[in-house]
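J.: One structure, pasted below without further comment.
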Amino acid sequence: MSKGWKIYWVVVAATVTNYLIMVLWSLPLVSEMAGGGVPFDMRPGGYSFDDSRVFLTAITDAGRDFYLNTQQLLDLFYPTLFAITVAIPLAHLVPRYWGWILAVLAIAAGVFDHLENSAVAVMLRVQPDALTEVMVSTASNWTLAKSISTTIASVALLVVLCNKGIAWLKTRKAQSG
Numbered sequence: 034m035s036k037g038w039k040i041y042w043v044v045v046a047a048t049v050t051n052y053l054i055m056v057l058w059s060l061p062l063v064s065e066m067a068g069g070g071v072p073f074d075m076r077p078g079g080y081s082f083d084d085s086r087v088f089l090t091a092i093t094d095a096g097r098d099f100y101l102n103t104q105q106l107l108d109l110f111y112p113t114l115f116a117i118t119v120a121i122p123l124a125h126l127v128p129r130y131w132g133w134i135l136a137v138l139a140i141a142a143g144v145f146d147h148l149e150n151s152a153v154a155v156m157l158r159v160q161p162d163a164l165t166e167v168m169v170s171t172a173s174n175w176t177l178a179k180s181i182s183t184t185i186a187s188v189a190l191l192v193v194l195c196n197k198g199i200a201w202l203k204t205r206k207a208q209s210g
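The number in this note's numbering is simply the position in the sequence shown, starting from 1, with 33 added.
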C-alpha cells in the first residue's frame, strides 16, 4: 500500500471517529439540553421558522454553549473529513469524468455542511424573539443542500464499492473454478 493510501485510511478512521463522537455523544447531549428537541444538524429535511423558534426556546444556556463550542467544534472537522473520505474513492474508482463529477458532489456536501454550521451558529447566538425568517431559511436551505449532496455522494460510493466487490468476487471465483 502506498503512502498516499495509508494517509487516506487514517483520514477514513478520523472521519468515522469524529462522526461517532457526534452521533453517540455530542448530538444526543444537545438534544437532551433542548428538552428532546432534534438539533438542526440532524434534520435532513430542513426546518421551519416555528420549529427553529421552539428548539431555541427549549435549549438551555448550557446547551446553547455546548452546541456552539463543542458540537460545532467537532463539526468543524467533519465536513472536510467526509469530503476527502468520499471524494477520493469516487474520483479513483469511477471511470472518466463521472468520478470527478461525483467527487465534486462530495466536496460540495462538505462545503454545504460548513455553510450550514455557520448559519446555525448565527441562530444559536440570538434569542428566540430575535430570530428571523431569513436566518432560518438560510440555515435550512444549507441543511437541505448538505443532505441531498451527502446522500447522493454516499449512495454513489456505496454502489461503486458494491459493483467493484461483486466484480472482484466473480474474478476470484472464475480463477479458482
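We put the CB at the ideal spot given by N, CA and C, even for glycine.
1. Taking C-beta to C-beta, are L107 and S59 nearer than 7 angstroms?
2. Does the stretch 110–124 come within contact of the stretch 181–191, defined as at least 3 CB pairs closer than 8 angstroms?
3. Rounding to the nearest angstrom, what Cα-Cα distance links G96 and M66 in this structure?
4. Is the beta carbon of L123 closer than 7 angstroms to that of L135?
5. In whole angstroms, what is the alpha-carbon distance linking S151 and V49?
6. State yes or no: is the C-beta of L114 within less than 7 angstroms of the C-beta of A47?
7. Below 7 angstroms between beta carbons: does that hold for L194 and R86?
8. Can you list, in chain order, the residues of its chain whose CB lies under 6 angstroms from that of V169, leaving out five sequence neighbours each side?
9. Report yes if the CB atom of A141 is closer than 7 angstroms to the CB atom of T183, and no otherwise.
10. Just tell me which of V56, M55, N196 and T90 has its CA closest to the CA of Q160.
11. Going by beta carbon distance, what residues of the same chain come within less than 8 angstroms of N174, once the five residues before and after it are set aside?
T.: In short, the structure shows the following:
1. Reading the sequence shown from its first residue, position 74 is the one you call residue 107. Reading the sequence shown from its first residue, position 26 is the one you call residue 59. For L107 and S59, yes; Cβs fall inside 7 angstroms.
2. They touch, by the three-pair rule.
3. Translated into the one-based positions of the sequence shown, residue 96 becomes position 63. Translated into the one-based positions of the sequence shown, residue 66 becomes position 33. Rounded to the nearest angstrom, the two C-alpha atoms are 5 angstroms apart.
4. Counted from its first residue, the sequence shown places residue 135 at position 102. Counted from its first residue, the sequence shown places residue 123 at position 90. In contact: L135 and L123 (Cβ atoms closer than 7 angstroms).
5. As a working note, residue 151 is residue 118 in the sequence shown. As a working note, residue 49 is residue 16 in the sequence shown. So the alpha carbons of these two residues sit roughly 22 angstroms apart.
6. Looking up residue 114 in the sequence shown gives position 81. Looking up residue 47 in the sequence shown gives position 14. For the 7 angstroms CB-CB criterion, L114 and A47 form a contact.
7. Locating residue 194 in the sequence shown gives position 161, counting from the first residue. Locating residue 86 in the sequence shown gives position 53, counting from the first residue. No, they are not a contact pair.
8. Looking up residue 169 in the sequence shown gives position 136. Beyond the five residues adjoining it in sequence on each side, V169 comes within less than 6 angstroms, by CB distance, of F82 and S85 in the same chain, given in chain order.
9. On the sequence shown, residue 141 is found 108 positions in, with the first residue counted as 1. On the sequence shown, residue 183 is found 150 positions in, with the first residue counted as 1. T183 sits away from A141, with the two beta carbons spaced by 7 angstroms or more.
10. Start at 1 with the first residue of the sequence shown, and residue 160 comes out as number 127. Ranking V56, M55, N196 and T90 by CA distance to the CA of Q160 puts T90 first.
11. Within the sequence shown, numbered from 1, the residue matching residue 174 stands at position 141. For N174, where only same-chain residues beyond five positions count, the Cβ hits under 8 angstroms are G79.
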